[in-house]
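Position one of the sequence shown corresponds to residue 591 (our numbering), numbered consecutively onward. Okay, so here's the structure we're looking at.
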Amino acid sequence: MMRSQFASYPIFSSAMVCIAVLMSSVGRRPVRNRRLASPEPAHARNLALLGACVTIALIAWAWNFELEVAVLGRSALASSPVQLALVGAALLVYALVSASVGFLAGQLGVSENAANALANILSMVMSFLGGAWTGLSLLPDALLAVAHFTPAYWVTLVVEGAAGLGEVTAEAVLPLVGDLGVCALFGVAAVLVGLVLGRSRSRAQVA
């Protein structure tokens with residue numbers, strides 16, 4: 591299951607790049623004018639856009655997790671269902687965080703090219719700090735301290751914890767669920783900021 595850590599890069603980068611294309615298309619003047627002319631309130635438009643971003647992230651997650659299951663084999667479903675479920679949940683939360691970051695980038699008005707570059711840079715940096723390529727145990731203490739402020743770090747804790755989970759007990763699983771919650775908070779924060787920015791931009795464009 592440790593190879594699941596490598597999925598953090600393709601999930602984040604693919605979701606953000608696709609979302610960048612979507613947000614760029616929606617931000618073009620003809621489309622933007624039609625959206626602004628709609629009687630639908632700004633928050634409803636932004637939520638619909640967020641829903642599209644989440645859909646893209648779910649597709650990226652499903653594809654990568656399906657590959658993970660295929661590599662591990664169907665025997666893993668029978669022998670380690672809880673561990674596999676934790677890995678799947680970790681990758682799912684990370685995919686949703688990528689959707690929220692892509693949504694925020696779009697609300698900031700980042701161009702498609704800039705968003706593509708941002709997606710690659712963020713994906714590589716967070717994958718490295720999350721121990722996807724080196725393992726958290728090999729990171730220097732200074733980098734490990736910085737890694738705590740990235741969602742990839744908390745996802746890796748869940749993946750490593752699931753891989754090392756022997757006996758499945760509530761005491762062993764609940765801390766991993768807590769790590770998932772911390773990762774999800776990054777996404778919630780990005781969504782809230784994105785919604786506020788989107789509402790402010792809509793008001794400014796109407797004015």
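For every residue, glycine included, the Cβ atom is placed at its ideal position computed from N, Cα and C.
### Task
Please work out which residues of its chain come closer than 6 Å, Cβ to Cβ, to Q673, disregarding the five sequence neighbours upstream and downstream, and give them in chain order.
A752, L755
### Query
Are there 16 or more other CB atoms within 10 angstroms of the CB of W744, so buried, or fewer, so exposed?
buried
### Task
Would you verify that the beta carbon of I646 is, or is not, closer than 8 Å to some beta carbon of chain C?
Of the protein chains in this structure there is only one, and it is not chain C.
### Message
On a Cα-Cα basis, can you pick out the residue from L775, L676, M716 that is closest to V736?
### Response
M716
### Task
Just the C-alpha distance for G641 and P730, rounded to the nearest angstrom, thanks.
38 Å
### Task
Within 10 angstroms of the Cβ of G692, are there 16 or more other Cβ atoms? Answer buried if so, exposed if not.
buried
### Query
How should V781 be labelled, buried or exposed, when 16 other C-beta atoms within 10 angstroms of its C-beta is the threshold for buried?
buried
### Query
What are the start and end residues of each continuous beta strand (DSSP E) run of 3 or more residues lying completely inside the region 679 to 765, in chain order?
none
#### Entry: Contact check, E702 vs A610, beta carbons under 8 Å
yes
### Query
Between the C-alpha atoms of L686 and A704, what's the straight-line distance to the nearest angstrom?
21 Å
### Proximity to G771 [Cα-Cα], best of G617, Y684, A634
Y684
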